[in-house]
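*Asks:*
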Amino acid sequence: MTGANASTRLDRLALDDEDALRRRLVPLETYRSYLDGQAFVSDWLRVDQSMIDRFADATNDHQFIHVDPERAMAETPFGGTIAHGFLSLSLLSTLAYDAMPGAERTRMGVNYGFDEVRFLTPVKSGARVRGSFRLVALKERAVSLQSTWDAAVEIEGAPKPALVARWITLAVLEPPADDERTPA
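Residues in the sequence shown are numbered consecutively from 1, following UniProt numbering.
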């Protein structure tokens with residue numbers, strides 16, 4: 001996916017697409033079984049200069065290593081511009097949406113936090129990345145599921161990922177149906 005196609009894809013994957021989300025919901029028992037170490041891997045996504053420039057505008061971070069291809073080529077060891085580390089981190093949401101199922105009764109998912117985020121390899125403009133996710137912990141509550149994932153943003157052809165992180169998400173659940181509630 002390149003240029004305009006990549007940005008169109010990101011626009012299309014906005015989390016307000018309830019039908020797409022509902023098609024990927026699995027029973028809670030199945031969701032629990034993912035603690036066995038099953039990996040979920042997204043499709044590849046191209047990080048082009050247009051995406052990097054839009055992120056620079058949104059965050060007001062216009063350091064030349066991100067937005068000036070000629071200067072970045074001449075003055076850095078990267079051979080051109082690179083994506084912001086926080087751009088790579090922010091892509092986890094769309095990469096996860098592409099790869100990971102959710103638990104039944106999920107109304108919405110929100111970020112709860114990160115532990116141990118490390119940026120290992122710069123993402124060069126034009127590179128393709130994908131997300132890899134493994135569920136490592138699950139805290140169940142009546143109205144939510146707190147999931148902890150080992151997450152990585154991998155770069156096509158690179159020996160090390162762009163980043164690794166322990167990502168904590170929170171699924172807000174619909175109340176159980178009357179016939180699913182436990183008697184008091």
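From the three backbone atoms N, C-alpha and C, an ideal C-beta is built for every residue, glycine too.
Here's a check: name, in chain order, each residue in its chain whose Cβ is nearer than 7 Å to the Cβ of Ala-72, leaving out the five neighbours to either side.
*Replies:* Phe-64, Ile-65, Phe-78, Gly-80, Thr-81
*Asks:* DSSP on Met-108, reduced to helix/strand/coil?
*Replies:* strand
*Asks:* Determine the direct distance from the alpha carbon of Gly-113 to that of Ile-168, and round the result to whole angstroms.
*Replies:* If you draw a straight line from the Cα of Ile-168 to the Cα of Gly-113, it comes to about 5 Å.
*Asks:* Determine the direct distance from the alpha carbon of Ser-144 to that of Ser-7, and round the result to whole angstroms.
*Replies:* Because the pLDDT of Ser-7 is 45, which lies under 50, any placement of that residue in the model is unreliable, and the question is left without a value.
*Asks:* Could you pull out every residue in the same chain whose Cβ sits closer than 6 Å to the Cβ of Ala-83, ignoring the five residues on either side in sequence?
*Replies:* Val-47, Ile-52, Val-123
*Asks:* Look at the Cβ atom of Pro-161, then the Cβ atom of Leu-95, and state whether they are nearer than 7 Å.
*Replies:* It is not a contact, given that the beta carbons lie outside the stated cut-off.
*Asks:* Out of Leu-135, Arg-118, Glu-104, point me to the one whose CA is closest to Ala-177's CA.
*Replies:* Glu-104
*Asks:* Could you give the residue range of the beta strand (DSSP E) that holds Leu-170?
*Replies:* 163-173
*Asks:* Comparing alpha-carbon positions, which option in Glu-154, Ser-33, Ala-137, Leu-35 lies nearest Arg-128?
*Replies:* Glu-154
*Asks:* Please identify the residue among Leu-45, Val-67, Glu-29 whose C-alpha is closest to the C-alpha of Arg-54.
*Replies:* Val-67
*Asks:* What residue does the alpha helix (DSSP H) around Val-67 start on, and which one ends it?
*Replies:* 64-67
*Asks:* Please list, in chain order, all residues of the same chain as Ala-39 whose beta carbon is under 8 Å from its beta carbon, the five residues on each side excluded.
*Replies:* Ser-132, Phe-133, Arg-134
*Asks:* Can you grab the Cα-Cα spacing for the pair Leu-35 / Ser-42, in whole Å?
*Replies:* 18 Å
*Asks:* With 16 as the cutoff for other CB atoms within 10 Å, does Ser-147 come out buried or exposed?
*Replies:* Counting the other CB atoms within 10 Å of its CB gives Ser-147 a total of 16 or more, which places it among the buried residues.
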